[in-house]
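In my numbering, the protein residues as written are 1 to 1099. Beneath this line is the structure, given in structure tokens, with notes to follow.
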Amino acid sequence: MAKSTTKTAKPKAAVTGAAAAAAAAAAKVSKHQSKQDTVCSVDPIADPVFAKGEVREYLVTEPSPAVLKKRQLLGAKEYWMLSSLLVISLYVRLYDLANPNSVVFDEVHFGGFSRKYILGQFFMDVHPPLAKMLFAAVGAIGGYKGDFEFKNIGDVYPSSTPYVFMRQFPALLGVGTIIFCYLTLRQSGVRPIIAYITSFLLLIENSNVTISRYILLDSPLLFFIAAAIYSWKKFEIQIPFSFGWYRGLVATGIALGLAFSSKWVGLFTIAWVGLLCIYQMWFIVGDLSISPKKAWGHFFARGTILLGVPIALYLFFFAVHFSVLTNTGDGASFMSSAFKAGLKGNKIPRNVTANVGLGSIVTIRHVETSGGYLHSHDAFYPTGSKQQQVTLYPHLDSNNKWFIEPYNGTIYNETFVPLVDGMKIRLRHINTHRRLHSHDEKPPVSERDWQKEVSCYGYKGFEGDPNDDFIVQIVDYRSAKGEAQEKVRAIETVFRLKHAMTGNYLFSSEVKLPEWGFGQQEVSTASSGKRKLTHWYIEENENQWLDSQDADIINYPELTFWQKVVESHARMWKINQGLTEHHHWQSNPYEWPLLLRGINYWARDHKQIYFLGNAVTWWAASASIVTFGIYVVISVFRWQLGQPVSKDKHVFNFNVQTFSYVLGWALHYLPFFIMGRQLFLHHYIPALYFGILALGHFLEIFTGYLTSRSKTLQNIALVLVGLFALFSLAFYFNYSSLIYGTPWTKDACVKSQIIGSWDYDCNNFYNKLSEYDASQPDTVASVTVSEAPAVQAENTPSTTPAANEEKPEHDPLKDTTTTKKKKSAKKDKKKSSKKPADARGPNVIAKPGEPEKKISGPVIDFVPKGEDLERLKRGEKVDIKPVVKKYNDDGEEIEEESPEIVGEPEQLAPPAAVDPETPPEVKSPAEEVESSTQNEESSREVKPKKAKREENKRPPVIDFVPRGEALERLKRGEKIDKYEPVIREFDELKDGAQAGDIDLERGIRKPKEEVKTTTASSSKSNAKKPKESARAVEAKKDKPKRPPVIDFVPRGEALERLKRGEKIESYKPVVREFDEERDGPKEGDPIIPKKNRRDFGAF
1 MAKSTTKTAK
11 PKAAVTGAAA
21 AAAAAAAKVS
31 KHQSKQDTVC
41 SVDPIADPVF
51 AKGEVREYLV
61 TEPSPAVLKK
71 RQLLGAKEYW
81 MLSSLLVISL
91 YVRLYDLANP
101 NSVVFDEVHF
111 GGFSRKYILG
121 QFFMDVHPPL
131 AKMLFAAVGA
141 IGGYKGDFEF
151 KNIGDVYPSS
161 TPYVFMRQFP
171 ALLGVGTIIF
181 CYLTLRQSGV
191 RPIIAYITSF
201 LLLIENSNVT
211 ISRYILLDSP
221 LLFFIAAAIY
231 SWKKFEIQIP
241 FSFGWYRGLV
251 ATGIALGLAF
261 SSKWVGLFTI
271 AWVGLLCIYQ
281 MWFIVGDLSI
291 SPKKAWGHFF
301 ARGTILLGVP
311 IALYLFFFAV
321 HFSVLTNTGD
331 GASFMSSAFK
341 AGLKGNKIPR
351 NVTANVGLGS
361 IVTIRHVETS
371 GGYLHSHDAF
381 YPTGSKQQQV
391 TLYPHLDSNN
401 KWFIEPYNGT
411 IYNETFVPLV
421 DGMKIRLRHI
431 NTHRRLHSHD
441 EKPPVSERDW
451 QKEVSCYGYK
461 GFEGDPNDDF
471 IVQIVDYRSA
481 KGEAQEKVRA
491 IETVFRLKHA
501 MTGNYLFSSE
511 VKLPEWGFGQ
521 QEVSTASSGK
531 RKLTHWYIEE
541 NENQWLDSQD
551 ADIINYPELT
561 FWQKVVESHA
571 RMWKINQGLT
581 EHHHWQSNPY
591 EWPLLLRGIN
601 YWARDHKQIY
611 FLGNAVTWWA
621 ASASIVTFGI
631 YVVISVFRWQ
641 LGQPVSKDKH
651 VFNFNVQTFS
661 YVLGWALHYL
671 PFFIMGRQLF
681 LHHYIPALYF
691 GILALGHFLE
701 IFTGYLTSRS
711 KTLQNIALVL
721 VGLFALFSLA
731 FYFNYSSLIY
741 GTPWTKDACV
751 KSQIIGSWDY
761 DCNNFYNKLS
771 EYDASQPDTV
781 ASVTVSEAPA
791 VQAENTPSTT
801 PAANEEKPEH
811 DPLKDTTTTK
821 KKKSAKKDKK
831 KSSKKPADAR
841 GPNVIAKPGE
851 PEKKISGPVI
861 DFVPKGEDLE
871 RLKRGEKVDI
881 KPVVKKYNDD
891 GEEIEEESPE
901 IVGEPEQLAP
911 PAAVDPETPP
921 EVKSPAEEVE
931 SSTQNEESSR
941 EVKPKKAKRE
951 ENKRPPVIDF
961 VPRGEALERL
971 KRGEKIDKYE
981 PVIREFDELK
991 DGAQAGDIDL
1001 ERGIRKPKEE
1011 VKTTTASSSK
1021 SNAKKPKESA
1031 RAVEAKKDKP
1041 KRPPVIDFVP
1051 RGEALERLKR
1061 GEKIESYKPV
1071 VREFDEERDG
1081 PKEGDPIIPK
1091 KNRRDFGAF
């Protein structure tokens, strides 16, 4: 370490000499050791130079040229190391990019945005445009024409979409991030071997590999942040005001601008550089060897370049964004009418009559929110006054039109009367003839004391009442200067509507009405609240009493670039703040450093992609942050006690560099704690990068300074670091199936879940890898993947029964297909010793208001049980098979090693082939019932006689069928944590024929009288038979006809949809008549003792 000068009379001369001496000594040592330097032994750190001032010692901030030389690449050896890092990175990032060949997670959004750039359709997103435009450019170069919509996760890419080429772009940027990591550590004083190991840790870090393989913004963002960090570290060791110094400063500004233009997280990187500038300027000002002029030069150069360049680039990319998206699109609904008017294909009214007066038919738009136009429709509030709803609706519609009339309801002389400030008016809804109305009722949703309900009240010809009166108040400061501040003019005048009776103002906020209000924005009157939420203006205007020659025509003025930027950012911020709806895969920031949970990206064909970090590297980086924090607290405490801070060059460099990286980690992590929006684990990736850089410096000081007493200790330290890297590599390989979506076994998956909150689904994988060779790709996702998080809001959240909108003719609730299976006329029971479970007779599907239709042939119910049922309830796809079990006399199940169905159940013939061009034969309900009955009788004739059973013995019933609330919850797609079979003994009194049961012959419900008549006629017929015992007669007297069985078991398409996790809006019961031959006790049925039976009553 260079000796500190003690002279105080001439501090400048003293420090200059000390610095020169240190530089000369460093150059001499460097020249002497240059031939002996290796990737392990090179010392890239120079001694810090301190000088004595008049009051205290100070740090000489100007770096020595020897520092720059020490941190250059060492030649062929280091270039070979860097090349190997590059090759391995390329292999890891580019491996099998074509898999999966379907949309993964947020590719839904960012692939879709690329499509909109290519088509020029305007959209709204919460992120700046650069990264999305880069993906669009890559797609266009690859031949993408915008024909694929990236609509849903799991949608298979067509051959015309160059998705592999588009995925190569983030993969290559991920490779560049690895290289920047290595170069950054070298510039901050880390030896080549440690820089290599640390970069290798980043290379095999699972989450970084995952994000760099798909069309996501994280890889470009991290690349630009890594470039900014490297450029800054390169700048720090340059001679001030030299060419290299300016080059590093400009490069840092450019990289910051690119990061900021990709995601707003880049602002945290700008803040990091800004704080480091302030930190360094503190020492520059205290450096007596630097003149005030030079110090001001540092300030202006850094401030101008590091702020000006990023802002200029950010605005430039928005200019490109606006110039490309020239056509109207879904995102235009969030913008003002003036903004939309500048888009091609918009429906904004043009050449509007400016003069507004009594008798005008107008549309009134809310100024402050994107809710849209004052709107009403023929639907009513379910609470409060229960009068006609008044809302805000964002689209052009005839229900937005209102007629302006005087408060007394009469327009005299049919002459034009302008609308002026203070005029009392009424607004009559054109389509429903009811007037805008308010009264002393609370709004249906807000229910605040200072808000009152707004409705439409009256009828055609009704004169109205005083609660219809509103007073116009022009808002001068928001209206165009001139006439628009005195009279209401379309587009130019902003006004308020004051309710004459209550004194409240017409008001609207972001509050949405529920389903009964079609999700539209609530309108009320308010005496408090934000003033700007009571501002309105008129967009459309026509008046029959205004002479067209005298009318002024007005259009929306063309917005300037700066106005577009301001409005876009206001909408971006608003949408970003509105992303508060719960998402299944969201997580809390406190969970991120501990890696408590990942994100399910994709699942299909018994494979899965799950975003999860490399726990070895992840936890080591977190431990480094915590350790450094403890170290800083202890050092400050010791310094306060008067103990000097170490001036050793290794400790000094460790303190400075690690502090800068820990500061970067904090700035990229801690702000998420104050965000109210949805947050996900991938938001931690930039902070993790800073943590890995800090980890590199911990490895450096461990293998260097802390073990410098002997060469043996240093070698042992290097071996330990190597073993640490091997552990990280092992984790990468063990969990690589979750990165690449490759085959994995259930057993290996279960063993990998070392933390219970790692919730990737191991039931999704096969038991053996060999099963993947025989499996066929699924046509749908085998595990339900939650929707991608909403990073933007294109589609309008509200619907309405608008007068001019067409309602869809297709009813998805009726779009079900019933498959008819033919039944073999002859069945040979000798070929099969067992029957498939639950083979049943003819089924009758009863629809409300329609005759019953019988489906002939047996129905096999593949009712889910056990683990399959649990997976089905979670929305996963399972292969359902019939369950055949054996039981002993006590009702206990006999476990078998491999239960299977013996023989071939030929009685269940496969469905006949259907010619797609030949329409299926359609039978009337009566013909179907007759055909079903004939098939049933023929099937009974060929059955061999069964052993005589006890006449009245009824087998126990085991129901694994969801009913009641459980069924409703399952249909809605909710998870049922616990499900138990219902075992009960059939009870004639509870389960026998009841009034209202379905008569299978007539398709109607029997009244009580008919049930009694049936019982009586049955008794008469029994009287003709031979006389039976009194006990038997009494038993038969109380024994009604066997009731039909109603099954809520999903079958056919309904079962397939339920297994895929889809919501079934309508569910029809299957009604069938009990048949002793078919449904009676069979060989192998469970015999449950009465003591173990539970009677759950009728169902």
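Glycine residues also receive a C-beta, built at the ideal position from the N, C-alpha and C atoms. In this text, all values refer to a predicted model and were calculated from it rather than measured experimentally.
By the neighbour-count criterion, in which 16 or more other beta carbons inside 10 Å mark a residue as buried, tyrosine 477 falls on the exposed side.
Proline 100 sits buried, since 16 or more C-beta atoms from the chains shown fall within 10 Å of its C-beta. Partner residues in a beta bridge of lysine 77, as assigned by DSSP, do not exist.
Within the DSSP bridge table, the entry for leucine 506 names Thr525 as partners. Apart from the 5 residues on each side of it in sequence, alanine 195 sits with its Cβ closer than 7 angstroms to the Cβ of Tyr182, Leu185, Arg186, Gly696 in its chain, given in chain order. CA-to-CA, the gap between phenylalanine 611 and leucine 68 works out to about 39 angstroms.
In the three-state scheme derived from DSSP, where H, G and I count as helix and E and B as strand, isoleucine 88 is classed as helix.
Pairing tyrosine 601 with phenylalanine 105 gives a Cβ-Cβ distance under 9 angstroms.
In the DSSP annotation of this structure, the continuous segment of the beta strand (DSSP E) that includes leucine 392 starts and ends at 388-393. In chain order, Leu679 place their CB closer than 8 angstroms to the CB of asparagine 588, counting only its own chain and leaving out the 5 sequence neighbours on each side. In this structure, isoleucine 215 places its C-beta atom within 9 angstroms of the C-beta atom of serine 114.
Counting only runs that start and end inside the stretch 339-407, the beta strand (DSSP E) elements of at least 3 residues fall at 360-366, 373-380, 388-393, 401-406. For lysine 70, there is no enclosing beta strand (DSSP E); the residue is found in the alpha helix (DSSP H) stretching over 65-70. Here the alpha carbons of leucine 203 and threonine 493 stand approximately 60 angstroms from one another. Comparing alpha carbon positions, the residue from Val356, His377, Val651 closest to valine 417 is Val356. Of Gly503, Arg426, Lys487, Asp440, the smallest CA-CA separation from aspartate 468 is found for Arg426.
CA-CA distance, glutamate 441 to glutamate 107, rounds to 47 angstroms.
Between alanine 226 and the set Trp272, Leu729, Thr177, the nearest pair of CA atoms involves Thr177.
Judged by DSSP in its simplified three-state form, tryptophan 619 adopts helix.
In the same chain as leucine 396, and ignoring 5 residues on each side of it, the C-beta atoms closer than 6 angstroms to its own belong to Lys347, in chain order. By the C-beta density criterion, valine 420 is exposed, having fewer than 16 other C-beta atoms within 10 angstroms. Contact holds between the stretch 688-708 and the stretch 650-665, because three or more Cβ pairs, one in each stretch, are under 8 angstroms apart. Per DSSP, lysine 233 is one residue of the alpha helix (DSSP H) stretching across 218-236. Between tyrosine 95 and tyrosine 740 the beta-carbon gap is near 7 angstroms, inside 8 angstroms, which marks them as a contact.
The C-beta distance from asparagine 327 to lysine 340 rounds to 11 angstroms, too long to fall under 8 angstroms, and the pair is not in contact.
In the DSSP annotation of this structure, the continuous segment of the alpha helix (DSSP H) that includes alanine 666 starts and ends at 649-669.
Cβ-Cβ separation between valine 324 and tyrosine 117: approximately 6 angstroms, consistent with a contact (criterion under 8 angstroms). Taking glycine 120 as the centre and dropping the five residues before and after it, the same chain places the C-beta of Val324, Leu325, Thr326, Asn327 closer than 7 angstroms to its C-beta, in chain order.
Between the stretch 500-520 and the stretch 363-383, the count of Cβ pairs shorter than 8 angstroms is three or higher; the stretches touch.
Runs of the beta strand (DSSP E) lying entirely within the stretch 627-651 and spanning at least 3 residues: none are present. Around the beta carbon of serine 508, a 10 Å sphere encloses 16 or more other beta carbons of the protein chains shown; the residue is thus reported as buried. Nearest in C-alpha terms to threonine 502, of all of Phe470, Phe462, Trp744, is Phe470. Distances from the CA of lysine 607 to each of Lys746, Phe652, Leu392, Leu436 were compared; the closest alpha carbon is that of Lys746. The Cβ-Cβ distance between glycine 464 and arginine 435 falls below 9 angstroms. Spatial neighbours of alanine 140 in its own chain (CB-CB distance under 7 angstroms, excluding positions within 5 residues in sequence) are listed in chain order as Ile118. A contact is defined here as three or more CB-CB pairs under 8 angstroms, and the stretch 209-223 fails this definition with respect to the stretch 717-730.
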